[in-house]
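Keeping their order, the protein sequence lines are chains D and E. Residue numbering for the first sequence follows our numbering, starting at 1 and increasing by one per position. Residue numbering for the second sequence follows our numbering, starting at 228 and increasing by one per position. The beta carbon of each residue, even a glycine, is placed where N, CA and C say it ideally should be.
Protein chains: 2
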Amino acid sequence: MDAAGRLRKPRGRYHHGDLRQALVSTALRVIAQDGVEALGLRDLARRLGVSHAAPAHHFPDRPALLVALAGEGFVRLGAALGAVQALGARERLAAAGRAFLGFALDQPGYFRAMFGPHIARLPRAPEKVARAAEAGYGVIVGAVEGLVGAGDARVAHLSFAAWSLLHGAASLFLDGLVPLQIPELSSRATLELWVDRALASLCEGLVPRRRAPRRRAMHRRSLPELA
Amino acid sequence: MDAAGRLRKPRGRYHHGDLRQALVSTALRVIAQDGVEALGLRDLARRLGVSHAAPAHHFPDRPALLVALAGEGFVRLGAALGAVQALGARERLAAAGRAFLGFALDQPGYFRAMFGPHIARLPRAPEKVARAAEAGYGVIVGAVEGLVGAGDARVAHLSFAAWSLLHGAASLFLDGLVPLQIPELSSRATLELWVDRALASLCEGLVPRRRAPRRRAMHRRSLPELA
DNA sequence: ATCACAATCTTGTCGATGTCAAGATTAATC
DNA sequence: GATTAATCTTGACATCGACAAGATTGTGAT
């Protein structure tokens, strides 16, 4: 097998040599460019110069390929988030946020495969994905615990808020829903800065640095319309 | 035409009578249950007791149906958000957040059609969708302006943070990615409460109520890994 | 009333897809 | 070097979105 990252199969050869890896990387490129919906097995085979049924020998069906992508994606995200663990309690959450957002923007293929709307309906994925996602989420929770102390009731709140914020920002940006509305946010650097500030604001609001009179109140406002 | 909300075509009749509306409402049900990917024109026709080519007379192709759903969804979301405008500046943002989240949870079909990853790639949609989404986003911006004053540099930051938070929370919940990780969040009421608190925390952090020494600093921490 | 026209629905077809089955070719192992 | 396993190919089938052409029904002018 050749060391070079060849994708298309040479015309003479019968075997591709590294079809599985080629399928994965090409699928990631397709998803990054045109979304999960645009991913087709026959199309992949065509791009790689291989017969339409060849992919089936590496991934039994389309869902299996997506599950494999999501699984590898979670491993990579876990690695990126794990590197944050070494940091001090004060900077860990901010670093985790930057790592998450950076992963989403750098690897949109993985991100979409991991967090797309299809993921919950993927056969065989839920348990595996849930466990892997839990690991990533655990890093966020750990960082928050380092901030407010483990066992604090605010841990769950702040973790979830941070997770939602990061997921929302990444999704909006990747799906092209942000630049249309907020011209300032067309650049990636601005997005990262703003998310960084928003995360800091969240902490500031939920766990004020100055010893303010510990008011976890402010929520006794009325809930108008929703039950 | 019968007033009752009939869906399937009576066996004797040649015309359905209200096929367009039946297509829309059935499509919403399908999307709410199984996602946008599961939406098929032939499947819809089958459910409604109509030939496989009948839908084409109301929606030329699949993207057109999705665009129509997204369009109507934006109208409804706009109405829900518009009702917030009457409120006082202090409560407007929280109310807008609850309205947005309530819409997403009550109308998951519309929400997915509006904010799914496909939306940016939908032909003819971008301009229309962008304008409609801008209107909804404008309500958020307006509410924030009522809080910190128009022209304030923090308006854009806080608006974007709130939007990301709401979008992320709604997406995670609808895609089944939350309950697996955070058992407390299996109930909708808890989700709404937590989002409400998170939104309040965001405000608290970015625009402190007490006259704290205006420190928009805290961002001079180093940016370790990302460029 | 009736006639023409437009709207609506049906049947038939085409190319493309995912999946399965069976055979061909190459690599690996004893 | 022969046998076995892995890999790839060809062929087929059901299903899908889309197009074309014909059938049926509602509408409006005369």
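Under 8 Å between C-beta atoms of residue i and residue j
| i | j | result |
| --- | --- | --- |
| Arg62 (chain D) | His52 (chain D) | no |
| Gly78 (chain D) | Gly136 (chain D) | yes |
| Phe338 (chain E) | Ala347 (chain E) | no |
| Gly138 (chain D) | Leu393 (chain E) | no |
Local conformation of residue i per DSSP, three classes
| i | result |
| --- | --- |
| His242 (chain E) | coil |
| Val178 (chain D) | coil |
| Phe301 (chain E) | helix |
| His157 (chain D) | helix |
| Lys128 (chain D) | helix |
| Asp270 (chain E) | helix |
| Gly205 (chain D) | helix |
| Phe59 (chain D) | coil |
| Arg90 (chain D) | helix |
| Pro237 (chain E) | coil |
| Ala280 (chain E) | coil |
| Leu293 (chain E) | helix |
| Asp34 (chain D) | helix |
| Arg215 (chain D) | In this prediction, Arg215 (chain D) scores a pLDDT of 48, lower than 50, which makes its location untrustworthy; the coordinate-derived value is nonetheless stated afterwards. Looking at Arg215 (chain D) - three-state DSSP - the assignment turns out to be coil, as it is neither helix nor strand. |
| Ala306 (chain E) | helix |
| Ala27 (chain D) | helix |
| Ser414 (chain E) | coil |
| Gly373 (chain E) | helix |
| Gly151 (chain D) | coil |
| Leu166 (chain D) | helix |
| Leu275 (chain E) | coil |
| Arg20 (chain D) | helix |
| Leu223 (chain D) | Residue confidence is low: Leu223 (chain D) scores 38 on pLDDT, short of 50, so the model does not pin down where it sits. Its coordinate-derived value is still stated next. Three-state result, Leu223 (chain D): coil. |
Between the CA atoms of residue j and residue i - distance to the nearest angstrom
| i | j | result |
| --- | --- | --- |
| Arg154 (chain D) | Gly142 (chain D) | 12 Å |
| Arg235 (chain E) | Leu275 (chain E) | 4 Å |
| Leu81 (chain D) | Leu404 (chain E) | 18 Å |
| Ile140 (chain D) | Leu433 (chain E) | 21 Å |
| Pro237 (chain E) | Ala283 (chain E) | 20 Å |
| Ala113 (chain D) | Ile409 (chain E) | 21 Å |
| Asp261 (chain E) | Ser428 (chain E) | 34 Å |
| Ala95 (chain D) | Ser398 (chain E) | 23 Å |
| Gly17 (chain D) | Val24 (chain D) | 14 Å |
| Glu431 (chain E) | Leu385 (chain E) | 11 Å |
| Arg124 (chain D) | Arg131 (chain D) | 12 Å |
| Asp106 (chain D) | Asp175 (chain D) | 14 Å |
| Leu122 (chain D) | Val36 (chain D) | 13 Å |
| Val311 (chain E) | Ala377 (chain E) | 18 Å |
| Leu185 (chain D) | Ala313 (chain E) | 29 Å |
| Pro117 (chain D) | Gly343 (chain E) | 8 Å |
| Pro213 (chain D) | Arg415 (chain E) | Since pLDDT at Pro213 (chain D) reaches only 49, below the 50 mark, its modelled position is unreliable, and no value is offered. |
| Tyr241 (chain E) | Ala265 (chain E) | 28 Å |
| Val148 (chain D) | Ala89 (chain D) | 9 Å |
| Ser164 (chain D) | Leu292 (chain E) | 30 Å |
| Arg197 (chain D) | Leu101 (chain D) | 13 Å |
| Val144 (chain D) | Gly40 (chain D) | 41 Å |
| Val195 (chain D) | Arg46 (chain D) | 40 Å |
| Leu420 (chain E) | Asp379 (chain E) | 28 Å |
| Ala249 (chain E) | Ala281 (chain E) | 12 Å |
| Arg6 (chain D) | Arg233 (chain E) | 57 Å |
| Arg221 (chain D) | Ala383 (chain E) | With a pLDDT of only 42 at Arg221 (chain D), under the threshold of 50, the placement of this residue in the model should not be trusted; the figure read from the coordinates follows. For Arg221 (chain D) and Ala383 (chain E), the distance between alpha carbons rounds to 25 Å. |
| Arg76 (chain D) | Arg303 (chain E) | 40 Å |
For residue i, the nearest candidate out of the options (CA to CA)
| i | options | result |
| --- | --- | --- |
| Val257 (chain E) | E:Arg247, E:Ala359, E:Leu271, E:Leu429 | E:Leu271 |
| Pro335 (chain E) | E:Ala254, E:Arg273, E:Ala313 | E:Ala254 |
| Arg20 (chain D) | D:Val36, D:Ala32, D:Phe59 | D:Phe59 |
| Arg325 (chain E) | E:Glu431, E:Leu418, E:Cys430 | E:Leu418 |
| Val129 (chain D) | D:Leu101, D:Ala198, D:Ala68 | D:Ala68 |
| Glu127 (chain D) | D:Ala38, D:Val195, D:Gly12, D:Phe74 | D:Phe74 |
| Gly12 (chain D) | D:Val50, D:Leu193, D:Glu134 | D:Val50 |
| Glu134 (chain D) | E:Ala281, E:Glu361, E:Pro406, E:Glu318 | E:Pro406 |
| Arg319 (chain E) | E:Ala383, E:Gly373, E:Ala389, E:Ala249 | E:Gly373 |
| Ala161 (chain D) | D:Leu101, D:Arg76, D:Leu199 | D:Leu199 |
| Ala32 (chain D) | D:Asp152, D:Phe173, D:Arg6, D:Trp194 | D:Phe173 |
Any non-hydrogen atom of the ligand ZN within 7 Å of residue i CB
| i | result |
| --- | --- |
| Leu101 (chain D) | Ligands displayed in this structure: none; no statement on the ligand ZN is therefore possible. |
List, from N- to C-terminal side, the alpha helix (DSSP H) runs of 4 residues or more that fit wholly inside the segment 97-122 of chain D. 108-115
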